[in-house]
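*Asks:* Chains as they are written, first to last, in my numbering: chain Y, 1 to 350; chain V, 1001 to 1350.
From the three backbone atoms N, C-alpha and C, an ideal C-beta is built for every residue, glycine too.
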DNA sequence: GACCGTCACTGAACCGGTAAAGTCCCTATT
DNA sequence: AATAGGGACTTTACCGGTTCAGTGACGGTC
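Rendered as structure tokens:
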């Protein structure tokens, strides 16, 4: 069974069939003025009959327009699958891209240098019209690379991390502060935070905010540990925190993502501690996962899908000229109390 | 602050700088014979100095080669984020694409008709050299569309679902059978299965296999329910199954993915049932999630990353001519016992 | 020393669109 | 009646690569 020799319909065939020139077909398909209704219809009819769709390479070659944007993600595959964040984020991005018939070029990279190189080829090779940048580090090589290239981007991260790049961010500092205040208001004094990878800029921001909040509230027992965002690391951190004795053991733990909170929950169970009676747990991001545990997880909740959509919208603004007012925050995560947080001490008899 | 007028380095500039013709540069960059070592070096040097990268549109326009493959996913965004499966799968695909400097065009679609249309534009517009098809339904419109187009694809799904398309699949029937046998061997007779969306072909396959296995083992108490793969649906199903009384209540439940198993676990806890003493739970896919619960989840485990990689490899084979031996299974998921399965009845005193 | 074969490289014709300038015709204006 | 203006198309350059039929030089052969 051989493939038929592939008809290869081009704009010329459509033009011939409609009895017009290539130019006319181009006008029609780009809904530009200068054609009569009748001709337009004939052209579309011809195109439909021949099953023609414009060759995107040819189109972007001559129009120097590109109908794709890039997203490179730099995290170990092992962690990516688990983080509900990314897929939700991508689906938000998609929702905006689709309505502008734009595609998403996705690539997983191993390190930021590789990513910078990728951005270079993407841009110089005219494969993308712009790109979304996530997971900023201290000393991130990307802002410089992007600046040098003139590549339109939207950075996902606080301006203090993304330099002069147009950026969209969540106000993590405020969110952390709210989380700590909430737990403190419940009566907790020994609050711990299981943070994400220290290399990430947003981790540092949260870490600093946590310290600050603890100081402001005079919480002597505040502690933080860094992880790699994986469930295993979250479990390990939790185990280490909870195995402290008596007055050293935290009564509440804030996690930097859902997965670690879930892991923490089962570590608590495994150690015979009741949640929230003996220890309160607070998750971050609030994917569906938080409602699937027992007890359900209180979380700092935000609309990740909407976040992605907003980022994509901003990217389009940046691409089509006006960088004006590019940078802006999206709504701060809000505290969503569920079953895993409560006043401390009810379980002191243990 | 204005963008500099964008230098726009082209192959001509490189050629001029190296003192050769465009053709020579092309030869060099496609590592084709016909150039002296010295010239080659001069060309590369010139390219590096000018920071040139070939324009991919121009390249694929004239060479009719495309350096991207498509993947359209048709599931509600809400579920996608949660399914560790997809990100892991994508990362596997990526790992193979990257080494051939090929990109992944990702698109989330709302229904299969939209996807079929997308494949049409992707292919006719020469945006992709091939595509990966997932989540087959009964009466799936895609095989016909793909056949008509002559689009190179690899279908992820059992040949009985994917028609004559080259396909890669996991042997779900065997895996289900193994799962049931395992539980039966532990002594369970009342085994339930919380399946995925009935529309999916692989769900039907598993459903049939479960029935068959139950019949073969003469398990009178076997039951199945369909869900939409979401954690909530999994929780609901579990609640309904476990609220049956006495001899109607299953002593073991198999889930079609991780998320539902996690949800099931907390429903059991919520209902005061101990796992595995009162009820055994068996998850599917075995992402890291299964090791983060308490008790840990026994699961049918497979290498999703490797699956993705294998699919990508097969797609390349299909694209580069030989469909020969395209279709093949990947290793069948293997049973990985953990803490959520045990012989029944130890908890009958409840 | 004429002839042949290679090797290294050039030149020009594409690939399939877009865009800007040009053509033609028809109507309104002076 | 001559002219301007505008709508409806057509023509014709590109866009930035790839490909392939040359071309010239050089070495070897008889």
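#1: Determine the extent of the beta strand (DSSP E) in which residue 13/Y is found, giving its start and end residues.
#2: Quick check on this structure: which residue in 50/Y, 52/Y, 174/Y, 20/Y has the alpha carbon closest to the alpha carbon of residue 40/Y?
#3: Any idea what DSSP makes of residue 1128/V, helix, strand or coil?
#4: Excluding five sequence neighbours on each side, which residues of the same chain lie with their C-beta closer than 6 Å to the C-beta of residue 18/Y?
#5: Nearest to residue 1162/V by CA position, among 1135/V, 1171/V, 1185/V, 1266/V, is which residue?
#6: What does residue 1126/V reach in chain Y if we use C-beta pairs closer than 7 Å?
#7: Is the Cβ of residue 1313/V closer than 8 Å to any Cβ of chain Y?
#8: With 9 Å as the C-beta to C-beta threshold (strictly closer), list the residues of the segment 267-301 of chain Y near chain V in chain order.
#9: Starting from residue 255/Y, follow its DSSP beta bridges and name the residues at the other end.
#10: Short check: CB of residue 1238/V to CB of residue 1209/V, under 8 Å?
#11: Mind checking if residue 84/Y is an interface residue toward chain V, Cβ cutoff 8 Å exclusive?
#12: From what residue to what residue does the beta strand (DSSP E) around residue 110/Y run?
#13: Going by DSSP, what residue range makes up the beta strand (DSSP E) through residue 1087/V?
#14: Consider the Cβ of residue 116/Y: report whether some Cβ of chain V lies at a distance smaller than 8 Å.
#15: Starting from residue 240/Y, trace the alpha helix (DSSP H) in both directions and tell me its first and last residue.
#16: Between residue 276/Y and residue 340/Y, is the Cβ-Cβ spacing less than 8 Å?
#17: Is DSSP giving residue 1272/V helix, strand or coil here?
#18: When you compare only the Cα positions, how much space is there between residue 1334/V and residue 1270/V?
#19: Pull up the distance between the alpha-carbon of residue 310/Y and that of residue 89/Y, whole angstroms please.
#20: For residue 113/Y, count neighbouring C-beta atoms within 10 Å of its own C-beta (all shown protein chains included) and say buried if the count is 16 or more, exposed if not.
#21: How do the segment 1192-1210 of chain V and the segment 1144-1153 of chain V stand: do at least 3 beta-carbon pairs fall below 8 Å, yes or no?
#22: Comparing C-alpha positions only, which one of 252/Y, 243/Y, 282/Y, 274/Y sits nearest to residue 262/Y?
#23: Look up residue 284/Y in the DSSP assignment and give the residues it is bridged to.
#24: By how many angstroms is the C-alpha of residue 204/Y removed from the C-alpha of residue 1002/V?
#25: Quick check on DSSP: helix, strand or coil for residue 1179/V?
#26: Taking the alpha-carbon positions, what's the residue 1012/V to residue 10/Y distance?
#27: Flag residue 1139/V as yes if its beta-carbon sits less than 8 Å from any beta-carbon of chain Y, otherwise no.
#28: Please list, in chain order, all residues of the same chain as residue 49/Y whose beta carbon is under 8 Å from its beta carbon, the five residues on each side excluded.
#29: Among 242/Y, 104/Y, 244/Y, 196/Y, which one has its Cα closest to the Cα of residue 285/Y?
#30: Taking 8 Å as the CB-CB cut-off, is residue 1207/V touching chain Y?
#31: Counting only beta-carbon separations shorter than 8 Å, does residue 1351/V have a partner in chain Y?
#32: From residue 1426/V to residue 81/Y, what distance separates their C-alpha atoms?
#33: Beta-carbon of residue 88/Y versus every beta-carbon of chain V: anything under 8 Å?
#34: Let me know the secondary structure DSSP gives residue 159/Y once reduced to three states.
#35: For the alpha helix (DSSP H) that contains residue 47/Y, what are its first and last residues?
#36: Residues of chain Y with CB under 9 Å from residue 1262/V, in chain order?
*Replies:* Based on what the coordinates show:
#1: Looking up residue 13/Y in the first chain gives position 13. Element bounds for residue 13/Y: not the beta strand (DSSP E) but the alpha helix (DSSP H), 11-18.
#2: Along the first chain, one-based indexing puts residue 40/Y at 40. Ranking 50/Y, 52/Y, 174/Y, 20/Y by Cα distance to residue 40/Y puts 20/Y first.
#3: Translated into positions along the second chain, residue 1128/V becomes position 128. If DSSP states are grouped into helix, strand and coil, residue 1128/V belongs with coil.
#4: Locating residue 18/Y in the first chain gives position 18, where the first residue counts as 1. For residue 18/Y, where only same-chain residues beyond five positions count, the Cβ hits under 6 Å are 42, 43, 46.
#5: On the second chain, position 162 is the one that residue 1162/V refers to. Residue 1135/V is the option with its Cα nearest to residue 1162/V.
#6: Locating residue 1126/V in the second chain gives position 126, counting from the first residue. What residue 1126/V touches in chain Y: 55, 56, 57.
#7: Looking up residue 1313/V in the second chain gives position 313. False, the Cβ-Cβ gap to chain Y never drops below 8 Å.
#8: 267, 268, 269, 270, 287, 288, 289, 291, 292, 293, 294, 295, 296
#9: Stepping through the first chain from its first residue, residue 255/Y is reached at position 255. Note: residue 255/Y sits in a beta bridge opposite 194/Y.
#10: Indexing the second chain from 1 puts residue 1238/V at position 238. Indexing the second chain from 1 puts residue 1209/V at position 209. No, these two residues do not count as a Cβ contact at 8 Å.
#11: Looking up residue 84/Y in the first chain gives position 84. Chain V, which has a Cβ nearer than 8 Å to the Cβ of residue 84/Y, makes this yes.
#12: The residue given as residue 110/Y occupies position 110 in the first chain. Premise fails: residue 110/Y is in no beta strand (DSSP E) and is neither H nor E.
#13: What you label residue 1087/V is simply residue 87 of the second chain in a count that begins at 1. Per DSSP, residue 1087/V belongs to no beta strand (DSSP E); it is in the alpha helix (DSSP H), 1084-1099.
#14: If you number the first chain from 1, residue 116/Y lands on position 116. So, not an interface residue.
#15: Taking the first residue of the first chain as position 1, residue 240/Y is located at position 240. 231-242 is the extent of the alpha helix (DSSP H) around residue 240/Y.
#16: In the first chain, residue 276/Y corresponds to position 276, counting from 1. In the first chain, residue 340/Y corresponds to position 340, counting from 1. Cβ atoms of residue 276/Y and residue 340/Y: closer than 8 Å.
#17: Stepping through the second chain from its first residue, residue 1272/V is reached at position 272. It is coil, neither helix nor strand.
#18: Residue mapping note: residue 1334/V aligns to position 334 of the second chain, counting from 1. Residue mapping note: residue 1270/V aligns to position 270 of the second chain, counting from 1. Between residue 1334/V and residue 1270/V, the C-alpha separation is close to 29 Å.
#19: Locating residue 310/Y in the first chain gives position 310, counting from the first residue. Locating residue 89/Y in the first chain gives position 89, counting from the first residue. Going from the Cα of residue 310/Y to the Cα of residue 89/Y covers about 10 Å.
#20: Along the first chain, one-based indexing puts residue 113/Y at 113. Residue 113/Y comes out exposed.
#21: no
#22: Reading the first chain from its first residue, position 262 is the one you call residue 262/Y. With distances taken between Cα atoms, residue 262/Y lies closest to 282/Y.
#23: The residue labelled residue 284/Y in the question sits at position 284 within the first chain. Beta-bridge pairing links residue 284/Y to 300/Y.
#24: The residue given as residue 1002/V occupies position 2 in the second chain. The residue given as residue 204/Y occupies position 204 in the first chain. Note that residue 1002/V scores a pLDDT of 38, beneath 50, so its modelled location is shaky; the value from the coordinates is reported in the next line. Each residue's Cα considered, the two are about 32 Å apart.
#25: Sequence index remark: in the second chain, residue 1179/V carries index 179 (1-based). Helix at residue 1179/V.
#26: The residue given as residue 1012/V occupies position 12 in the second chain. The residue given as residue 10/Y occupies position 10 in the first chain. Distance between the alpha carbons of residue 1012/V and residue 10/Y: 27 Å.
#27: Working through the second chain from its first residue, we reach residue 1139/V at position 139. Closer than 8 Å: no.
#28: Position 49 of the first chain holds residue 49/Y. For residue 49/Y, where only same-chain residues beyond five positions count, the Cβ hits under 8 Å are 17.
#29: Counting from one through the first chain, the residue named residue 285/Y turns up at place 285. The shortest C-alpha separation from residue 285/Y is found at 196/Y.
#30: Residue numbering aside, residue 1207/V sits at position 207 when the second chain is read from its first letter. Answer no: the Cβ-Cβ gap between residue 1207/V and chain Y never drops below 8 Å.
#31: Shown here, chain V extends from 1001 to 1350; a query on residue 1351/V therefore has no answer.
#32: In the structure displayed, chain V extends from 1001 to 1350; residue 1426/V sits before or after that span and is not available.
#33: Position 88 of the first chain, counted from the start, is the residue given in the question as residue 88/Y. Interface residue, yes.
#34: Within the first chain, residue 159/Y is the residue found at index 159, counting from 1. Residue state, collapsed to three classes: helix.
#35: As a position in the first chain, residue 47/Y is number 47, starting the count at 1. It spans 37-50 - the alpha helix (DSSP H) in which residue 47/Y sits, taken as one unbroken run.
#36: As a first step, residue 1262/V must be located in the second chain, where it is residue number 262. Under the 9 Å cutoff, chain Y gives 262, 289, 292, 293.
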